[in-house]
Amino acid sequence: MKIKSIAYLVLFLAFSISLNAQLLETAKPESVGLSSTQLEHIDALCQEYLDNNWLPGGTVLVARKGKIAYFKTWGTRDVNTKAAYQKEDIFRLASMTKAFTSVAILQLLEQGKILLDDPIANYIPAFSEMQVLTDFNATDTTYTSVKAKNSITIRQLITHTTGISYAFMSPQVAAIYTKSGMGNFGLSHPEATTAEMVQLIAEQPLFHEPGERFTYGYNMEVLGYLVEVVTGKTLGEYCEAHIFEPLGMEDTGFYIAKEKGNRLVPVYYDVPAKKQLFQHTDPIYNYPLWGRTDHFAGGGGASSTTKDYAIFCQALLNGGTYNGKRILGRKTVEFLQEDQLQFMDAKAGDWLGKNGDSFGLGFGLKTEKSEAYTFNSAGAFSWGGIFNTKYWIDPKEELVFVGMTQILPNYHPEFWDKLYNIVYASLE
Numbered sequence: 391m392k393i394k395s396i397a398y399l400v401l402f403l404a405f406s407i408s409l410n411a412q413l414l415e416t417a418k419p420e421s422v423g424l425s426s427t428q429l430e431h432i433d434a435l436c437q438e439y440l441d442n443n444w445l446p447g448g449t450v451l452v453a454r455k456g457k458i459a460y461f462k463t464w465g466t467r468d469v470n471t472k473a474a475y476q477k478e479d480i481f482r483l484a485s486m487t488k489a490f491t492s493v494a495i496l497q498l499l500e501q502g503k504i505l506l507d508d509p510i511a512n513y514i515p516a517f518s519e520m521q522v523l524t525d526f527n528a529t530d531t532t533y534t535s536v537k538a539k540n541s542i543t544i545r546q547l548i549t550h551t552t553g554i555s556y557a558f559m560s561p562q563v564a565a566i567y568t569k570s571g572m573g574n575f576g577l578s579h580p581e582a583t584t585a586e587m588v589q590l591i592a593e594q595p596l597f598h599e600p601g602e603r604f605t606y607g608y609n610m611e612v613l614g615y616l617v618e619v620v621t622g623k624t625l626g627e628y629c630e631a632h633i634f635e636p637l638g639m640e641d642t643g644f645y646i647a648k649e650k651g652n653r654l655v656p657v658y659y660d661v662p663a664k665k666q667l668f669q670h671t672d673p674i675y676n677y678p679l680w681g682r683t684d685h686f687a688g689g690g691g692a693s694s695t696t697k698d699y700a701i702f703c704q705a706l707l708n709g710g711t712y713n714g715k716r717i718l719g720r721k722t723v724e725f726l727q728e729d730q731l732q733f734m735d736a737k738a739g740d741w742l743g744k745n746g747d748s749f750g751l752g753f754g755l756k757t758e759k760s761e762a763y764t765f766n767s768a769g770a771f772s773w774g775g776i777f778n779t780k781y782w783i784d785p786k787e788e789l790v791f792v793g794m795t796q797i798l799p800n801y802h803p804e805f806w807d808k809l810y811n812i813v814y815a816s817l818e
């Protein structure tokens, strides 16, 4: 009996240790196979971009083997008070929201409520009769179109291969979308509901035949509404119940509680000629504080802290679990990393595809070809946000990276590439 009791105790302790090992706690870089000396180059790089007024500052977090090896803030969040950034600061995620919506869709797939190759019109009839743009008149923004040959599927939405675009992708898209009133979608909206937003998206022409190529656009907004149609919950309610709350992401959501409003950092803009950064003052940037209950932009509306988002990334790196809570099955996480564009002749209608990059189920994907161009391992998946946030997850090296700052436009995207090089060079 004593031997059995000891054996049970050993098993219990081992199980407890394994759960605690999943927690993102701070550890010395060397304990997880990283060089602290090499990681110090991050400090110097951030200081260089501060000194040149290229970036306002923010946070950088590096985790390996489930432990945080580097987590620092840099710069000042307020040009007037000179208050420093804090680790608990809240940032607008913009397109890093897409990862949440993708996980929500994959959860519905796991529950047997949808299939990836279902036509979206089965759930949202507004997409039953889609038109494809044929000619555009730049002088008066009129256009002609023909009926689409194929139906838009859920798989095409999650891989951005529908022909739905973003306004900023080209002048003709901007003209058509702005004229229709779609130019202000993607983050939040002071008036339109989620349903009204998606209805308007369905009324616009597609910019190529569904499934023809990758075109970055309002696809996740449609999928966010699909979550609402299938579950009866808004995207915000669903993500809170099935992603944020289980993982303990207490400071993540589509809208920020009033008592946390002072933790939302400002958005800056760069005036290169003046070599100075200025703070955006347009009220539109306060959208995380609007408190809407009927508008949820699945492609860009959420906000979060650096640590919260790192927890989400760690859950995916762990095969769908964190601290004993599962948000996706192991095979589903493996599936989302598969190259979904491999059967297309033209992988990218835009900038995706260069250097061998591709796209999985809601995530940018590094392929074997990518390894010839960057340090990232094949199978690493990542994305960023328009306010200059970035994350990547490298299963091979057990690495998680989350970087947050807030500047629009950003004239120095090479900052992230330099950080990648520093981090990968720190691997012992």
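Take 391 as the starting number for the sequence shown in the working numbering and just add one per residue. Built from N, CA and C at the ideal position, the CB exists for glycine as well. As the structure is a prediction and not an experimental result, all values here were calculated from the model.
Cα-Cα separation between residue i and residue j, rounded to whole angstroms
i       : j       : result
Ile-544 : Leu-505 : 8 Å
Gln-594 : Asn-652 : 38 Å
Glu-602 : Tyr-533 : 21 Å
Lys-503 : Asp-672 : 41 Å
Val-612 : Gln-732 : 24 Å
Glu-649 : Leu-679 : 10 Å
Asn-443 : Lys-756 : 31 Å
Leu-798 : Leu-590 : 26 Å
Thr-471 : Gly-571 : 38 Å
Asn-708 : Glu-420 : 21 Å
Gly-719 : Asn-527 : 49 Å
Thr-764 : Leu-523 : 36 Å
Tyr-606 : Leu-654 : 27 Å
Asp-468 : Arg-454 : 31 Å
Leu-726 : Leu-751 : 5 Å
Asp-441 : Leu-637 : 37 Å
Phe-558 : Val-813 : 31 Å
Leu-498 : Val-617 : 8 Å
Thr-487 : Ile-510 : 21 Å
Ala-411 : Val-422 : Note that Ala-411 scores 47 on pLDDT, short of 50, meaning its location in the model is unreliable; the coordinates nonetheless yield the value given after this. So the alpha carbons of these two residues sit roughly 12 Å apart.
Ala-564 : Gln-546 : 22 Å
Asn-778 : Asn-540 : 35 Å
Lys-664 : Gly-576 : 30 Å
Ile-480 : Tyr-658 : 15 Å
Met-520 : Pro-600 : 10 Å
Ser-694 : Phe-517 : 32 Å
His-685 : Gly-622 : 14 Å
Phe-805 : Thr-549 : 26 Å
Ser-578 : Met-639 : 21 Å
Of the residues the options, the one placed nearest residue i, counting alpha carbons only
i       : options                               : result
His-431 : Glu-415, Arg-454 and Val-450          : Val-450
Asp-530 : Tyr-675, Ser-541, Lys-569 and Lys-537 : Lys-569
Ile-717 : Thr-491, Tyr-475, Thr-463 and Asp-433 : Thr-491
Ala-762 : Leu-755, Ile-495 and Gly-746          : Gly-746
Phe-597 : Leu-590, Glu-630, Ala-538 and Phe-634 : Ala-538
Glu-788 : Tyr-606, Ser-767, Leu-798 and Pro-446 : Ser-767
Pro-561 : Glu-627, Gly-573 and Pro-636          : Gly-573
Leu-445 : Ser-485, Pro-662 and Gly-638          : Pro-662
Ala-434 : Glu-818, Gly-710 and Lys-808          : Lys-808
Arg-482 : Asn-676, Asn-800 and His-802          : Asn-676
Pro-656 : Lys-457, Gly-447, Ser-578 and Val-493 : Gly-447
Asn-512 : Ala-473, Val-620 and Ala-692          : Val-620
Lys-457 : Met-610, Phe-517, Ala-474 and Ala-417 : Ala-417
Lys-715 : Val-790, Ile-633 and Asp-641          : Ile-633
Lys-462 : Glu-438, Ala-489, Leu-429 and Tyr-439 : Leu-429
Pair within 8 Å by beta-carbon distance, residue i and residue j
i       : j       : result
Ala-700 : Val-792 : yes
Met-794 : Thr-696 : yes
Gly-769 : Lys-786 : yes
Leu-424 : Ser-816 : yes
Ser-485 : Gly-689 : yes
Ala-494 : Cys-629 : yes
Backbone secondary structure at residue i - three-state DSSP
i       : result
Met-486 : helix
Asp-784 : strand
Arg-653 : helix
Pro-803 : coil
Met-610 : helix
Val-452 : strand
Asn-527 : strand
Arg-359 : No answer is possible for residue 359: it lies beyond the span of the chain, which begins at 391 and ends at 818.
Gln-730 : coil
Gly-626 : helix
Gln-669 : strand
Pro-446 : coil
Gln-819 : Residue 819 is absent from the structure shown; the chain starts at 391 and stops at 818.
Pro-515 : helix
Leu-424 : strand
Pro-419 : helix
Val-792 : strand
Pro-600 : coil
Thr-764 : coil
CB contact below 8 Å: residue i versus chain D
i       : result
Leu-523 : Annotation note: the requested chain D is absent from the structure, which comprises a single protein chain.
Exercise for review: Run through the stretch 561 to 596 for me and flag every whole beta strand (DSSP E) of 3 or more residues, listed as ranges in chain order.
Suggested key: none
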